[in-house]
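Read through the structure below, which is laid out as structure tokens, and then see the notes.
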Amino acid sequence: MTKKITLSETGAMLLAAKKIVLVCHVSPDSDTLGSALGLMRKLEQFGKEIVILVDDDIGTEFNFLPGITRCIRPQSNKSIYADILAIIDASTFDRIGLAGEVVKAKITLNIDHHISNAQFVDYRYLDIEAAATGEIMCDLFETMNWKYDLEMATCFYAAISTDCGFFRYSNTTHKTMLRAAELLSAGVRPNEISDIIEMKSRSTIELLAKVLATLSFEYSGRVAYITIANDLYDKNIQTDSFVSYPRYINGVEVAIMFKAVEPEVTRVSLRSSNIDVSKIAIKFGGGGHLRAAGCTINAPVEEAKQQMFTALKEIL
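If you want this note's numbering, it's the 1-based position in the sequence shown plus 35.
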């Protein structure tokens with residue numbers, strides 16, 4: 036049974052351990068990566084042995100994050116023993132992939148902000164009001180009286196700013212802005228981070244043009260979706276932002292991107308302005324936020340579409 040703990044208990048637990056494995060979720064974004072990397076740097080200042088695992092490819096747009104080369108991919112034939120397995124910014128156990136199998140830890144800990152969070156660890160700190168797990172990291176640092184250096188602040192600012200759409204999304208709060216301001220005081224240059232993250236390669240734009248040609252509608256225009264078929268999918272091209280295009284079409288309540296990452300595996304990204312899409316993602320073993328969620332459907336892309344549209348019918 037999962038025990039809910041406070042930030043001070045979370046900090047004390049981390050300080051009491053000698054070896055800690057920090058795990059980011061699959062399809063890693065700035066929040067999971069930045070939160071883990073910033074925490075890693077602080078814990079190593081306290082003499083802790085830290086390993087960061089990511090069971091997925093990491094986009095080149097994250098190369099600016101200090102310490103990003105420390106992230107390694109778990110291997111099925113290589114067990115890792117630790118005092119704590121700390122799962123960062125993931126709401127379910129399957130979101131950490133192979134890491135959940137290879138890490139042998141005395142304690143499992145989850146630090147997260149997703150409303151769809153499942154109780155799948157020994158100890159959990161959850162704040163669904165936080166705009167990002169990076170914001171929780173700032174709360175943790177304040178609670179424990181830990182100081183930032185520029186590298187930590189850069190990681191946490193990237194985590195916070197991207198998860199609230201550079202302070203445009205509805206999850207942006209007064210506190211979110213205050214935390215970001217604190218990080219700027221540590222020397223973070225917000226324009227440099229946004230420029231790096233928002234910069235697109237030529238191949239990304241060329242793929243976007245092809246994907247936008249697949250734009251289609253269901254439920255009398257209330258649902259808009261785009262498709263990245265198997266022949267278009269390229270793991271080296273970052274496509275997470277593509278779903279924002281159907282999202283901002285007038286009259287669309289739910290925007291979806293179907294991405295055929297394998298012939299029998301489809302990743303689905305859901306966005307909405309007024310519908311709780313996390314409920315839909317949960318039906319397929321995924322999760323996320325009220326207005327932004329995702330899941331993986333183990334089916335060809337066309338079959339995955341029909342499963343998703345059937346699930347949407349119950350909500351629309």
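All residues carry an ideal CB built from backbone N, CA and C; glycine is no exception.
Exercise. By Cβ distance, which residues of its chain are closer than 7 Å to residue 201, with the 5 residues on each side in sequence left out?
Worked result: For this step, residue 201 is matched to residue 166 along the sequence shown. Excluding positions up to five away in sequence, the list reads 229.
Exercise. Hey, residue 45 and residue 160 are a contact pair by Cβ (cut 8 Å); roughly how many whole angstroms apart?
Worked result: As a position in the sequence shown, residue 45 is number 10, starting the count at 1. As a position in the sequence shown, residue 160 is number 125, starting the count at 1. Between residue 160 and residue 45 the Cβ distance is about 5 Å, and since that is below 8 Å, they are a contact.
For this session: Whole angstroms is fine: what's the gap from residue 140's alpha carbon to residue 120's?
Result: For the purposes of this step, residue 140 is taken as residue 105 along the sequence shown, with counting starting at 1. For the purposes of this step, residue 120 is taken as residue 85 along the sequence shown, with counting starting at 1. So the alpha carbons of these two residues sit roughly 6 Å apart.
Problem set entry | Buried or exposed by the 16-neighbour rule on C-beta atoms within 10 Å, applied to residue 57 | Taking the sequence shown and counting its residues from 1, the one referred to as residue 57 is at position 22. Under this definition residue 57 is a buried residue.
Exercise. In the structure shown, what three-state DSSP assignment does residue 270 receive?
Worked result: By one-based count along the sequence shown, residue 270 stands at place 235. Correct three-state label for residue 270: coil.
For this session: Take residue 127 as the anchor and find which of 298, 294, 143 has the nearest alpha-carbon.
Result: As a position in the sequence shown, residue 127 is number 92, starting the count at 1. With distances taken between Cα atoms, residue 127 lies closest to 143.
Exercise. Just reading off the alpha helix (DSSP H) that residue 214 is part of, what are its end residues?
Worked result: In the sequence shown, the residue the question calls residue 214 occupies position 179. Unbroken alpha helix (DSSP H) run through residue 214: 209–220.
For this session: Enumerate in chain order the residues of its own chain whose CB-to-CB distance from residue 262 is below 6 Å, with the five nearest sequence positions on each side excluded.
Result: To locate residue 262, count along the sequence shown from 1; it is residue 227. Answer for residue 262: 249, 293, listed in chain order.
Problem set entry | Spatial neighbours of residue 79 in its chain, beta-carbon cut-off 6 Å, leaving aside the 5 residues before and after | As a first step, residue 79 must be located in the sequence shown, where it is residue number 44. Closer than 6 Å at Cβ, skipping near neighbours: 85.
Exercise. Taking the C-alpha atoms as reference points, what is the distance between residue 278 and residue 331?
Worked result: In the sequence shown, residue 278 corresponds to position 243, counting from 1. In the sequence shown, residue 331 corresponds to position 296, counting from 1. When rounded, the distance between both Cα atoms is 15 Å.
For this session: Identify, in the order they occur along the chain, each residue of the same chain with its Cβ nearer than 8 Å to the Cβ of residue 265, setting aside the five sequence neighbours on each side.
Result: Taking the sequence shown and counting its residues from 1, the one referred to as residue 265 is at position 230. The answer, listed in chain order, is 295, 297, 298, 336.
For this session: Entirely within the region 37–90 and at least 4 residues each: give me those alpha helix (DSSP H) ranges in chain order.
Result: 42–51, 65–80
Problem set entry | Three-state secondary structure assigned by DSSP to residue 102 | Reading the sequence shown from its first residue, position 67 is the one you call residue 102. Of the three classes helix, strand and coil, the one that applies to residue 102 here is coil, per DSSP.
Exercise. How would you label residue 356, buried or exposed, when you count the other beta carbons within 10 angstroms and need 16 or more for buried?
Worked result: Absent from the structure is residue 356, since the part of the chain shown begins at 36 and ends at 351.
Exercise. Nearest CA to the CA of residue 225: which residue from 48, 118, 103, 197?
Worked result: Here the question's residue 225 lines up with position 190 in the sequence shown. It is 197 whose Cα lies nearest to the Cα of residue 225.
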